[in-house]
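In the numbering used here, the protein residues as written are 808 to 904.
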């Protein structure tokens with residue numbers, strides 16, 4: 808299993824396309840080298856188009872409900888037949904981070 812963490816700031820100093828290209832290349836390299844491996848990418852995508860990540864990597868969201876109040880502040884994407892959905896548990900604390 809490979810797990811990646813991503814923080815994409817609301818106003819990045821780089822082009823989002825460059826990050827999308829990097830994510831796509833990394834996931835493709837893992838899938839080629841380890842075809843049976845599970846790949847998970849989780850984090851705060853902010854303004855990054857998660858549908859673009861999904862279309863480029865064949866990943867799917869494993870979180871299907873809000874992560875903070877009514878908002879989806881974090882995103883978890885997975886690529887493997889064994890990934891269904893993640894169980895949501897109550898927060899251990901009430902802060903944002």
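Yeah, the Cβ is synthetic: ideal placement off N, Cα and C, and Gly gets one too. Predicted model only: the values in this text are computed from it and were never measured.
From the options, residue whose alpha carbon lies closest to that of residue i
i, options, result
"residue 816", "831, 867, 850 and 845", "850"
"residue 847", "831, 818 and 821", "831"
"residue 822", "843, 833 and 854", "854"
"residue 835", "870, 865 and 869", "865"
"residue 824", "839, 870 and 856", "856"
Own chain residues within Cβ distance below 8 Å of residue i, not counting five before or after
i, result
"residue 841", "809"
Contact check, residue i vs residue j, beta carbons under 8 Å
i, j, result
"residue 861", "residue 867", "yes"
"residue 911", "residue 837", "An answer regarding residue 911 cannot be provided, because it is not within the stretch 808 to 904 covered by the chain."
"residue 820", "residue 852", "no"
Coarse secondary structure for residue i, derived from DSSP in three states
i, result
"residue 856", "coil"
"residue 820", "coil"
Same chain only: Cβ atoms within 6 Å of residue i, ignoring 5 sequence neighbours per side
i, result
"residue 811", "848"
In DSSP terms, what residue i is bridged to
i, result
"residue 851", "814"
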